[in-house]
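Going by the UniProt record's numbering, the sequence shown opens with residue 1, and the numbers climb by one from there.
Beta carbons: idealized from backbone N, C-alpha and C, even for Gly.
Structure, as C-alpha cells:
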Amino acid sequence: MADDSGGPGRRQEVRPGRRSEEQHDLDFEEALALVRDPGPRTTRYPGIQDLVQEHSTTSTSGHHARHRATPWPEARTVARHAARSVPRREPVGVPLDAALGLVLAAPLTALTDLPSFDTSAMDGWAVAGPGPWAVRGEGVLAGHAEPAPLGDGEAVRIATGARVPPDTTAVLRSEHGRTDTKGRLHATVPQAPGSDRAAGTPTVAHGQDIRPRGQECHAGDQLLPPGTQVTPAVLGLAAAAGYDSLRALPRPRAEVLVLGNELLTRGLPEGGLIRDALGPMLPPWLRALGADVVAVRGLGDDAAALHQAVTSSTADLIVTTGGTAAGPVDHVHPTLCRMGAEFLIDGVQVRPGHPMLLARTREDQHLVGLPGNPLAAVSGLLTLAEPLLRTLAGRVAPEPYILPLKDSVHGHPHDTRLIPVAVRDDRAVPLRYHGPAMLRGIAAADALAVVPPGGARPGEDVELLELPWALTG
Ligand SMILES: Nc1nc2c(c(=O)[nH]1)N[C@H]1C(S)=C(S)[C@@H](COP(=O)(O)OP(=O)(O)OC[C@H]3O[C@@H](n4cnc5c(N)ncnc54)[C@H](O)[C@@H]3O)O[C@H]1N2
Ligand code: MOO
Numbered sequence: 001m002a003d004d005s006g007g008p009g010r011r012q013e014v015r016p017g018r019r020s021e022e023q024h025d026l027d028f029e030e031a032l033a034l035v036r037d038p039g040p041r042t043t044r045y046p047g048i049q050d051l052v053q054e055h056s057t058t059s060t061s062g063h064h065a066r067h068r069a070t071p072w073p074e075a076r077t078v079a080r081h082a083a084r085s086v087p088r089r090e091p092v093g094v095p096l097d098a099a100l101g102l103v104l105a106a107p108l109t110a111l112t113d114l115p116s117f118d119t120s121a122m123d124g125w126a127v128a129g130p131g132p133w134a135v136r137g138e139g140v141l142a143g144h145a146e147p148a149p150l151g152d153g154e155a156v157r158i159a160t161g162a163r164v165p166p167d168t169t170a171v172l173r174s175e176h177g178r179t180d181t182k183g184r185l186h187a188t189v190p191q192a193p194g195s196d197r198a199a200g201t202p203t204v205a206h207g208q209d210i211r212p213r214g215q216e217c218h219a220g221d222q223l224l225p226p227g228t229q230v231t232p233a234v235l236g237l238a239a240a241a242g243y244d245s246l247r248a249l250p251r252p253r254a255e256v257l258v259l260g261n262e263l264l265t266r267g268l269p270e271g272g273l274i275r276d277a278l279g280p281m282l283p284p285w286l287r288a289l290g291a292d293v294v295a296v297r298g299l300g301d302d303a304a305a306l307h308q309a310v311t312s313s314t315a316d317l318i319v320t321t322g323g324t325a326a327g328p329v330d331h332v333h334p335t336l337c338r339m340g341a342e343f344l345i346d347g348v349q350v351r352p353g354h355p356m357l358l359a360r361t362r363e364d365q366h367l368v369g370l371p372g373n374p375l376a377a378v379s380g381l382l383t384l385a386e387p388l389l390r391t392l393a394g395r396v397a398p399e400p401y402i403l404p405l406k407d408s409v410h411g412h413p414h415d416t417r418l419i420p421v422a423v424r425d426d427r428a429v430p431l432r433y434h435g436p437a438m439l440r441g442i443a444a445a446d447a448l449a450v451v452p453p454g455g456a457r458p459g460e461d462v463e464l465l466e467l468p469w470a471l472t473g
C-alpha cells in the first residue's frame with residue numbers, strides 16, 4: 001500500500017511491511033559490534049568464508065584463479081560482512097561541529113536537568129499568589145542569575161527563558177495583564193475580536209507558563225542509545241544537555257586511486273583524451289556514505305605506482321577506478337595478486353558494473369575496484385562500497401524502499417540491472433541515457449532501480465537504492 005502522507009510530487013515509500021524487531025536488533029547489533037567486540041584481532045564474521053569461497057580463491061602460489069561472478073544480492077552481503085571482519089575500531093571523542101553523520105558509541109546521557117532551572121515560558125510577569133500584585137521595580141531577563149524570591153502578592157517583569165524567582169506560582173503573559181494607575185498588576189483575559197468586553201473571569205492557574213526544572217530530562221537520563229546516527233537535531237540536543245564533544249565510531253578513512261592515462265582533470269576532451277568524471281564524483285559520494293576521504297590520486301596506467309600506492313596506503317578502504325578488466329593496462333588484478341590479497345568478490349552478476357571487485361588487502365583494509373565506465377563505477381560504489389562503509393561507520397541499513405515501475409525495463413537474462421529512475425507520482429520512471437559510460441541518467445535520477453534478471457513489467461514493484469543526497473529531497 002502506498003503511503004500517501006507525503007503529498008503530491010513527493011517521493012513516497014511503499015514498504016512491504018515494517019521490518020521486524022528482530023531485523024532491527026540485528027542491524028543494531030551490527031552497528032555496535034565494531035565498538036563492543038574486543039575479541040581476537042583475527043576474528044571474522046561467522047559465515048563470510050562460506051559466502052566468499054564459492055566464488056573466488058587465491059591459490060597458495062598467489063596466482064589468482066577467477067571464478068564465476070557473485071549474484072548481486074549476495075555481493076552486497078559479502079561486502080557488509082567484510083566490514084565486520086576488521087579488528088575493533090576504538091571510539092573517538094569528536095567535537096560537536098565535526099560529529100554530523102557519525103554514530104554514537106556511547107549512550108547520550110543528560111549531563112544536566114533540562115531545563116536546568118524553573119524557566120518562564122512567556123514574556124510577562126512572574127506572580128506569587130492571587131492578584132492584583134505589586135510589581136517589583138527591576139525585571140528578570142534570560143541569563144540573569146537567580147532572582148530574589150517573590151513575596152505573596154508580588155510580581156516581577158520576566159522574559160521568556162529567564163529563571164523564575166523562588167516562590168513564583170505562575171507566569172502571566174504580557175497580553176493577559178495590565179497595570180493600573182497605582183502600578184498594580186491585574187490579570188485580564190483575551191477579549192473576543194471586535195468586543196471590548198472580557199470573555200470571562202480572569203484566572204491564573206497554578207504553575208501556568210512555567211517550565212519546571214527537569215521537565216524534559218534529569219541529569220543521568222539516557223536521551224539516545226548508542227548506535228544513533230548524529231543528525232543536526234542530535235547535535236542540538238547534545239549541546240543543550242551539556243556536551244562539547246561526543247563519543248563516536250571513527251569515520252572509515254577512504255583513499256581514491258583514479259587509474260587511466262587517458263584522463264584530463266580540466267578543459268575540453270581532445271586528442272583521444274577525456275575528462276576524469278570519477279575524481280570529482282567519488283569523494284563527495286563517499287563522504288555522503290560516511291567516509292573520511294583522505295586522498296584522491298590520479299595514477300595513470302602505471303602498475304608500479306599502483307602497487308606502491310596500495311601497499312603504502314593506511315586507509316581503511318582503497319577505492320580504485322578503471323583497470324578492472326583484462327586489457328593490457330588493466331593492472332588492478334595483477335597488483336592484488338602480487339600482494340597476495342584475498343579476493344572476496346571478483347565480478348558481480350550486475351549490469352552495468354560486472355567487473356567490480358572487493359579484496360582484503362590487509363587484516364584491517366579492503367579495496368573496492370570500480371570499473372572505469374562511469375555508471376558502472378556508480379554500480380560498484382552502491383553494490384560494494386556502500387554496505388562496507390555503512391557497516392564500518394556503524395550506520396544501520398535503510399529500510400527497503402520499493403515502488404512500482406512506470407514503464408517496463410528489459411532485463412538481462414542472468415544478471416541484475418541497476419537503472420537510474422526518477423520518482424514521480426509514486427512511480428519509478430526509468431530514465432534514458434543509462435549506458436555504462438553515461439552519467440546523464442543518474443545525474444537526473446532520484447534512485448537506482450534494482451531490476452531482477454528477466455526484467456520488470458509496468459506496475460511491478462522494484463527495490464530502489466536511494467542516492468544519499470535524495471534522502472532529504
Ligand atoms: N574483453 C572485454 N572487455 C571488456 C569487458 C569484458 O568483459 N571483456 N568488460 C567491459 C566492461 S563491462 C567494463 S565496465 C569495462 C571495465 O573496464 P576497466 O575497469 O578496466 O576500465 P577502463 O578500461 O580503465 O575504462 C573503461 C572505460 O571507462 C573510461 N574511464 C575510465 N576511468 C574514467 C574516469 N575516471 N572518468 C571517465 N571515464 C573513465 C575509460 O576511458 C574507458 O572508456 O571493460 C569493458 N571491457
Ligand atoms: O558492465 Mo560494464 O560494467 O558494462 O560498464
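Near L249, which residues of its chain fall below 7 angstroms by C-beta distance, leaving aside the five closest residues on each side in sequence? Counting from 1 along the sequence shown, the entry for residue 249 is found at position 249. For L249, where only same-chain residues beyond five positions count, the Cβ hits under 7 angstroms are L34, V35, R89, P91, L102, V103, A105, A393 and G394.
So what does DSSP say about H81, is it helix, strand or coil? Numbered from 1 along the sequence shown, position 81 holds the residue referred to as residue 81. Here H81 sits in helix by DSSP.
Measuring only the C-alpha atoms, how far is D276 from D407? For this step, residue 276 is matched to residue 276 along the sequence shown. For this step, residue 407 is matched to residue 407 along the sequence shown. Distance between the alpha carbons of D276 and D407 is about 32 angstroms.
Taking the C-alpha atoms as reference points, what is the distance between D292 and T311? Taking the first residue of the sequence shown as position 1, residue 292 is located at position 292. Taking the first residue of the sequence shown as position 1, residue 311 is located at position 311. Between the alpha carbons of D292 and T311 lies a distance of about 19 angstroms.
Within the present structure, is the beta-carbon of H354 separated from the nearest heavy atom of ligand 2 by less than 7 angstroms? In the sequence shown, the residue the question calls residue 354 occupies position 354. Yes, Cβ of H354 sits closer than 7 angstroms to a heavy atom of ligand 2.
My output table needs one value for H366: the three-state DSSP class, helix, strand or coil. Here residue 366 is taken as the residue at index 366 of the sequence shown, counted from 1. Secondary structure of H366 (DSSP, three-state): strand.
If you reduce the DSSP assignment to three classes, tell me which class R136 lands in. Numbered from 1 along the sequence shown, position 136 holds the residue referred to as residue 136. Of the three classes helix, strand and coil, the one that applies to R136 here is coil, per DSSP.
Residue of A385, G124, A110 and L259 minimising C-alpha distance to V204: In the sequence shown, residue 204 corresponds to position 204, counting from 1. The shortest Cα separation from V204 among A385, G124, A110 and L259 belongs to G124.
Just to confirm before moving on: does the CB-CB distance between G220 and T265 stay below 8 angstroms? Here residue 220 corresponds to residue number 220 of the sequence shown, with the count starting at 1. Here residue 265 corresponds to residue number 265 of the sequence shown, with the count starting at 1. No, these two residues do not count as a Cβ contact at 8 angstroms.
Which whole runs of the beta strand (DSSP E) in the stretch 304-367 are 3 residues long or more, in chain order? Within the stretch 304-367, the complete beta strand (DSSP E) runs of at least 3 residues are 317-321, 342-346, 348-351 and 357-362.
Which of the three DSSP states, helix, strand or coil, is assigned to P436? The sequence position of residue 436 within the sequence shown is 436, counting from 1. In the structure shown, P436 sits in coil (DSSP, three-state: anything other than H, G, I, E or B).
Compare the beta carbon distance of L465 and L382 with 8 angstroms and say whether it is the shorter of the two. Within the sequence shown, residue 465 is the residue found at index 465, counting from 1. Within the sequence shown, residue 382 is the residue found at index 382, counting from 1. Taking C-beta atoms as the reference points, L465 and L382 count as a pair closer than 8 angstroms.
Relative to ligand 1, is the shortest distance from any of its heavy atoms to the C-beta of D292 smaller than 7 angstroms? Counting from one through the sequence shown, the residue named residue 292 turns up at place 292. No, the Cβ of D292 stays beyond 7 angstroms of every heavy atom of ligand 1.
Could you check the C-alpha separation between G161 and A241 for me, to the nearest Å? Counting from one through the sequence shown, the residue named residue 161 turns up at place 161. Counting from one through the sequence shown, the residue named residue 241 turns up at place 241. Cα to Cα, the separation comes out at about 16 angstroms.
Select from R178, A341 and A422 the residue whose C-alpha is nearest the C-alpha of Q189. One-based indexing of the sequence shown puts residue 189 at position 189. Contrary to the premise, residue 189 reads as Val rather than Gln in this sequence. Of the candidates R178, A341 and A422, the one whose C-alpha sits nearest the C-alpha of V189 is R178.
Figure out for me which residue from V94, A303 and G340 has the closest Cα to the Cα of V230. As a position in the sequence shown, residue 230 is number 230, starting the count at 1. Minimum Cα distance to V230 is reached at V94.
Quick one: Cα of R10 to Cα of R427, how far? Taking the first residue of the sequence shown as 1, we reach residue 10 at position 10. Taking the first residue of the sequence shown as 1, we reach residue 427 at position 427. Reliability of the predicted coordinates at R10 is poor, the pLDDT of 34 falling under 50, and no value is obtained from them.
Contact belief for V171 with V156 at Cβ below 8 angstroms, rounded distance in angstroms: In the sequence shown, residue 171 corresponds to position 171, counting from 1. In the sequence shown, residue 156 corresponds to position 156, counting from 1. With a Cβ gap of about 10 angstroms, V171 and V156 do not count as contacting.
CB contact flag (T321, A359, <8 angstroms): Position 321 of the sequence shown, counting from 1, holds the residue named residue 321. Position 359 of the sequence shown, counting from 1, holds the residue named residue 359. For T321 and A359, no; Cβs fall outside 8 angstroms.
Is any heavy atom in ligand 2 found nearer than 7 angstroms to the beta carbon of P371? Here the question's residue 371 lines up with position 371 in the sequence shown. Yes, since a heavy atom of ligand 2 falls inside the 7 angstroms radius drawn around the Cβ of P371.
Would you say G394 touches ligand 1, meaning its beta carbon is less than 7 angstroms from a heavy atom? By one-based count along the sequence shown, residue 394 stands at place 394. No, since every heavy atom of ligand 1 falls outside the 7 angstroms radius drawn around the Cβ of G394.
What number of angstroms, rounded off, separates the C-alpha of R338 from the C-alpha of A304? Within the sequence shown, the letter at position 338 stands for residue 338. Within the sequence shown, the letter at position 304 stands for residue 304. So the alpha carbons of these two residues sit roughly 11 angstroms apart.
Under the criterion of a Cβ to heavy atom distance below 7 angstroms, does I274 qualify as lining ligand 1? In the sequence shown, residue 274 corresponds to position 274, counting from 1. With a cut-off of 7 angstroms, the C-beta of I274 is classified as near ligand 1, since at least one heavy atom of the ligand falls inside that distance.
Whose C-alpha, out of P430, G455 and L431, is nearest the C-alpha of G411? Along the sequence shown, one-based indexing puts residue 411 at 411. If we check each option's Cα against that of G411, G455 comes out closest.
Suppose only complete runs of 3+ residues qualify. What are the beta strand (DSSP E) ranges in the stretch 118-177, listed by chain order? The qualifying runs are 124-127, 133-135, 154-158 and 170-173.
Spatially closest choice to L273 from L282, N261 and P280, by CA coordinates: Looking up residue 273 in the sequence shown gives position 273. Distances from the CA of L273 to each of L282, N261 and P280 were compared; the closest alpha carbon is that of N261.
Whole-angstrom Cβ separation of G290 and R390, contact assumed at under 8 angstroms? Here residue 290 corresponds to residue number 290 of the sequence shown, with the count starting at 1. Here residue 390 corresponds to residue number 390 of the sequence shown, with the count starting at 1. That pair is a contact at about 6 angstroms.
With DSSP as the reference, please indicate the residues paired to S245 in a beta bridge. The sequence position of residue 245 within the sequence shown is 245, counting from 1. Answer by DSSP bridge pairing, in chain order: P95.
Own chain residues within Cβ distance below 7 angstroms of S116, not counting five before or after: The residue given as residue 116 occupies position 116 in the sequence shown. Within its own chain, the residues whose Cβ lies closer than 7 angstroms to the Cβ of S116, once the five positions on either side in sequence are excluded, are R213, listed in chain order.
P71: beta carbon under 7 angstroms from a heavy atom of ligand 2? Residue numbering aside, residue 71 sits at position 71 when the sequence shown is read from its first letter. Incorrect: P71 has no Cβ contact closer than 7 angstroms to ligand 2.
Indicate, with yes or no, if ligand 2 has a heavy atom lying under 7 angstroms from the CB of R351. Along the sequence shown, one-based indexing puts residue 351 at 351. True, at least one ligand heavy atom lies under 7 angstroms from that Cβ.
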